[in-house]
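Let me begin by presenting the structure, written as structure tokens, before commenting on it.
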Amino acid sequence: MSPPFDPISKIIPPREAWRIKVRVLRAWTVPSFGNADVPNSMELILVDENSTKIQATIRKQLIHKFKDHLLEGSCYKMSYFAVVSNQGSYRATKHEFKLIFLFRTTVTTIPDDIIPKSCFSIYPFEDILQMSQDHDYLVDVIGLLTLVGEEKNYDRDGKTVKMVVVELSSQKMMLRCALFGEYVDQLNDFLASGYVEQPVVIVQLAKIKLFRGQPGLQNVMKATKIYFNPDLSEVIDFRKSMVEQGINGTQPLFIANEGKSVSLEDDFMRLTRRSTIDQLHDNKEDGSFVIMGTITDIVEEGCWWYSTCVCGKAVYPESGVYFCDVCMHHVTNVIPRFRLKVAVSDHTGQGIFVLFDRETAYLLKKACADLFNEVQKESTVLCGDSYSITFKTLEGKKVLLKVDTKSLGIDKYFGTFRVKRICDDPTIISMFELAENENEVTPVKDAHVPGIGLDIGEPSYTQPTSKDVKLSVLDKDESVPGLDDISIDMDANRKSVVPQVSGDNDENQVFSDEVGSLLNSGVEETQDFLSHLLDNSDNTDVSFICNDVVRSKVKRNLESDFQKALEETVGPSSNMIKIEDNLDG
């Protein structure tokens, strides 16, 4: 009979004959100083069935022996380690000791066990904001990504290092997090996916830095991991807490780029490839294209709206009851959003295009819930699959459509494309026509816009939005901006004031050997340089106004006749949220 496994909590020196059953939560390789292609060590975060974590280090001489046998997320039984004190700055776990792999250390893969698949040490924002000095431990945080700053590139010893500052919010508090290098790429990849609302983000193994006396977060090269809207219990609990606090989790994500989002003119005239409808059908390349056409018909197939939970997740009735698999509870009040299919034609052919909530609201100049209010008053139209006469006003309208060439992938909708952004501005359309007539050369591929991954030129009519929104963005001088150089004044758009966090002086630090084993030594010098330069920054305020935006008040209960019609369509237990116009004067 095999000896029992030792709990991680009992591990102490000088004994080496420890036998543990663990899951590898995190695994990363630390490059050697001055040569990023040569590994200096491999770092692991291990967790046992008691959710106790410990850090383990594999020195460069033994990396070849273990690297191919250790996968992040897999479970193993391991034995024989050196046990040393867990000291220095930026420790990855709070265990008093850490493990060092030896030549005689054994590692055996075991089936997925009861060991937790995730084990975050979530730090409340309140605790972080009260810190008055750099924290000795790396932390995990969870929050809504509410703002993305302008991306900056800096040259250091012949290397270009990217930097962007983002804002996370939780419990009506706000933290700023500076991201460098590959983490900026990860952020841009997520933004390029087209997600338009504020996502829930988990930042794992971040360090807390003081900038001008105020705490902020910063990634640790190679060690930090960022999760965007992960399917984890921690995210479900976080969204539940948002609902309980009455926090709206479906607001649009703000992205700063020299103080403004990409304009309609830039997006449709300069930054996106042009195409015809016929070329779209034949195109085999994924990407975004702009086409000009006329809406010829509303495709009255299925419903023109769908329901969402307050968290933003689409929900559908089952036996007359809505259930949100994100919030994990039944939903009795749902929010309607547009999903409209239109036929568009140009001189080469015709196609079917899907307009979702933002695009449809932009054309109609009204929110989906407002149209529900109008439908309620029309005795001849019931809110189900029937289409309001309002949609007929779109027929004959000439528009520019920025579309995704990935087909919806359903046989029923073959040749159907999703609209990412729409423009009906006659001036821009005339410019587009003129350029077409002159056979103007268009970009071969989508132009890169630093820091921009979403199309947010038009205001969202789905959720209450402030009439005046002021963004303070990163200055464009030669100094590196601090965490405080990007902020957002959303008092008019939030029900409570969010505490402001400003950046501050951060002296260069001489990191201990423990930090050297945790950080990429080659990038560490650059990162410290950038952190030090965070002192020397000036604020530049650039304001923009979101005009013609609908503010809304939420009410439960529709009038009885409309409620009855709705129950016949989607079930008896749902109450559509009614939104009344309250335009700012």
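For the sequence shown, the tail end lands on 645 under the numbering used here, and the numbers increase by one without skipping. Glycine residues also receive a C-beta, built at the ideal position from the N, C-alpha and C atoms.
query                                                                                                         : result
Alpha-carbon spacing of Met191 relative to Gly273, whole angstroms                                            : 9 Å
Inter-residue spacing [alpha-carbon to alpha-carbon] between Leu239 and Pro312                                : 21 Å
The segment 380–395 / the segment 404–422 touching (three or more Cβ pairs under 8 Å)                         : no
DSSP-derived helix/strand/coil call for Arg272                                                                : coil
Distance, Asp194 Cα to Lys219 Cα                                                                              : 28 Å
Under the three-state DSSP convention, the category Glu76 falls into                                          : coil
Rounded separation between Cys658 and Val143 - CA only                                                        : Only positions 61 to 645 of the chain appear in this structure, which leaves residue 658 out of reach.
Whole-angstrom distance between Thr165 and Arg75, CA atom to CA atom                                          : 13 Å
Tyr382 - containing beta strand (DSSP E), residue span                                                        : 381–384
Residue burial classification, Ile71 (beta-carbon count within 10 angstroms, cutoff 16)                       : buried
Proximity below 7 Å, CB of Ile114 to CB of Ile68                                                              : yes
Val208 versus Val225 - alpha carbon distance                                                                  : 6 Å
Cβ pair Asn279, Pro259 closer than 7 Å                                                                        : no
Candidates Arg399, Glu434, Lys480, Leu423: closest to Thr453 by CA position                                   : Leu423
Straight-line Cα distance separating Lys425 from Glu361                                                       : 23 Å
Check whether Ser230 and Gly203 have beta carbons under 7 Å apart                                             : yes
Exposure label - Tyr376; buried when at least 16 CB within 10 Å                                               : exposed
Rounded separation between Thr354 and Gln410 - CA only                                                        : 9 Å
Residue range of the unbroken alpha helix (DSSP H) whose run includes Tyr422                                  : 417–424
Residue from Ile449, Asp385, Phe185 whose Cα sits closest to the Cα of Glu227                                 : Phe185
Alpha helix (DSSP H) segments (min. 4 residues) lying fully within the segment 150–238                        : 185–189
Beta-ladder partner(s) of Glu257, from DSSP                                                                   : Pro312
Residue range of the beta strand (DSSP E) that includes Gln115                                                : 113–119
Through-space distance from Phe314 to Tyr287, alpha-carbon basis                                              : 19 Å
Outcome for Asn248 when other beta-carbon atoms lying within 10 angstroms are tallied against a minimum of 16 : buried
Burial state of Met138 (16 or more Cβ within 10 Å)                                                            : buried
Span of the beta strand (DSSP E), counted from its first residue to its last, around Asn393                   : 393–405
First and last residue of the uninterrupted alpha helix (DSSP H) at Lys125                                    : 123–126
Check whether Lys373 and Cys384 have beta carbons under 7 Å apart                                             : yes
Val479 burial status per 10 Å Cβ neighbour count (16 or more: buried)                                         : buried
Inter-residue Cα distance where the pair is Gln121 and Met102                                                 : 10 Å
Assigned secondary structure, Ile71 (DSSP; H/G/I helix, E/B strand, else coil)                                : coil
C-alpha distance - Thr450 paired with Lys344, whole-angstrom precision                                        : 36 Å
Thr206 versus Tyr243 - alpha carbon distance                                                                  : 17 Å
Residue nearest to Thr356 in terms of C-alpha spacing, selected from Lys401, Asp291, Ile188                   : Lys401
Member of Lys232, Ala403, Thr168 whose CA lies at the smallest distance from the CA of Arg79                  : Thr168
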